[in-house]
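> My questions will all concern the structure given below.
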Amino acid sequence: MDEKLEKFQKNLNYKFKNTELLERALSHSSYANEKGLKESNERLEFLGDSVLGFISAEYFFNLYKNQPEGSLTKHRAAAVCEKTLCTFSKELEIDKVIKLGKGEIRMGGAQRPSILADAFESVLAAIYLDGGIEPAKELVLRFITREGIDVSVRDYKTMLQEVVQKHPEETVEYYVVDEKGPDHAKEFTVEVHLNSNILGSGTGRSKKLAEQAAAKEALKLMGLRE
Numbered sequence: 012m013d014e015k016l017e018k019f020q021k022n023l024n025y026k027f028k029n030t031e032l033l034e035r036a037l038s039h040s041s042y043a044n045e046k047g048l049k050e051s052n053e054r055l056e057f058l059g060d061s062v063l064g065f066i067s068a069e070y071f072f073n074l075y076k077n078q079p080e081g082s083l084t085k086h087r088a089a090a091v092c093e094k095t096l097c098t099f100s101k102e103l104e105i106d107k108v109i110k111l112g113k114g115e116i117r118m119g120g121a122q123r124p125s126i127l128a129d130a131f132e133s134v135l136a137a138i139y140l141d142g143g144i145e146p147a148k149e150l151v152l153r154f155i156t157r158e159g160i161d162v163s164v165r166d167y168k169t170m171l172q173e174v175v176q177k178h179p180e181e182t183v184e185y186y187v188v189d190e191k192g193p194d195h196a197k198e199f200t201v202e203v204h205l206n207s208n209i210l211g212s213g214t215g216r217s218k219k220l221a222e223q224a225a226a227k228e229a230l231k232l233m234g235l236r237e
């Protein structure tokens with residue numbers, strides 16, 4: 012393993028037993044496609060999103076024992092939003108070890124918030140698979156326990172969920188309906204459905220941003236925001 016990855020593991024305060032997991036966690040889809048790899052970090056990102064959600068939910072549940080669900084959701088949303096995860100990634104220096112395709116490198120992908128946020132989640136998943144929940148929790152709590160996380164961040168997905176959950180029989184789901192552009196300049200279109208009915212749609216440079224845009228439009232159409 013090269014010196015950069017050795018240093019990165021020190022930043023993580025975690026030593027991988029299976030270094031292939033770490034290599035995969037740092038392989039963006041543009042790099043994987045260019046090199047003909049079977050898998051990028053996207054599957055790990057999917058798992059990491061859930062691991063992050065669980066750890067942060069447990070933390071805020073125990074921290075704010077008298078706060079209602081809506082308040083806990085806002086704290087968690089602020090702690091795991093793209094802007095916050097991008098900050099965490101830069102502190103860990105993921106931007107120095109992420110593997111990108113040539114086009115993405117030219118476009119400055121190593122500083123793109125969506126790429127860095129996703130990479131944080133994929134690295135978290137790799138730690139979880141390699142060492143279990145405890146080292147994964149140690150990494151997450153190292154960041155979300157600090158002061159200064161902005162709970163006023165507008166999380167439209169959470170706002171929409173809070174409206175819908177008043178009716179237990181209702182279900183909200185998000186679907187990627189279009190994906191276009193080269194790897195270094197992808198644009199996603201997402202629809203948000205309520206019991207199979209389209210509530211809104213939105214586009215963004217990442218799936219998360221497109222989901223937020225779709226939720227924002229849904230709230231607007233419902234007359235709940237300008």
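Note that the sequence shown ends on residue 237 in this note's numbering; no numbers are left out. Ideal Cβ placement from N, Cα and C applies to all residues, glycine included. Please read these numbers as outputs of a predicted model, since none were measured by experiment.
1. Could you check the C-alpha separation between D189 and F199 for me, to the nearest Å?
2. At what residues does the alpha helix (DSSP H) containing S40 begin and finish?
3. For Y185, which option in T84, T169 and G114 has the closest C-alpha, if you only look at C-alpha atoms?
4. Residue ranges of each alpha helix (DSSP H) run of no fewer than 4 residues wholly in the region 77-112, ordered along the chain?
5. Rounded to whole angstroms, what is the Cα-Cα separation between L230 and G215?
6. If we call anything under 7 Å between Cβ atoms a contact, is A136 one with V203?
7. Is it true that the CB of V201 sits closer than 7 Å to the CB of A225?
8. Which complete alpha helix (DSSP H) runs does the region 132-195 hold, if anything under 4 residues is left out?
9. Does the distance from the C-beta atom of E56 to that of S133 stay below 7 Å?
10. By DSSP's criteria, I209 is part of a beta bridge. Which residues make up the other side?
11. Since T214 sits in a beta bridge, which residues does DSSP pair it with?
12. Using the beta-carbon count (16 or more within 10 Å), is R35 buried or exposed?
13. Three Cβ pairs or more, each shorter than 8 Å: is that satisfied between the region 27-47 and the region 92-103?
14. Indicate whether S51 and E115 have their beta-carbon atoms separated by less than 7 Å.
15. So, is E263 buried or exposed, given that buried needs 16 or more other C-beta atoms within 10 angstroms?
16. Would a C-beta distance cut-off of 7 Å place A68 and L96 closer than the cut-off?
17. What distance in whole Å lies between the Cβ atoms of T98 and E173, which are believed to be in contact at a cut-off of 8 Å?
18. Between F26 and the rest of its own chain, which residues show a CB-CB distance below 6 Å, the 5 nearest in sequence each way excluded?
19. Between R87, N77 and C92, which has its C-alpha nearest E222's C-alpha?
Looking at the atomic coordinates:
1. 6 Å
2. S40 to K46
3. T169
4. 80-90 and 93-103
5. Rounded to whole angstroms, the gap between the alpha carbons of L230 and G215 is 17 Å.
6. no
7. yes
8. 144-155 and 167-175
9. yes
10. In the DSSP output, where bridge partners are listed per residue, I209 has H204.
11. T214 is bridged by DSSP to T200.
12. buried
13. no
14. Cβ distance not < 7 Å, so S51 and E115 don't count as in contact.
15. With the chain running from 12 to 237 in the structure shown, residue 263 is simply not present.
16. no
17. Not quite, the Cβ-Cβ distance comes to about 25 Å (not below 8 Å), so this is no contact.
18. Note on residue identity: the sequence assigns Lys, not Phe, to residue 26. Result list for K26: Q20, in chain order.
19. C92
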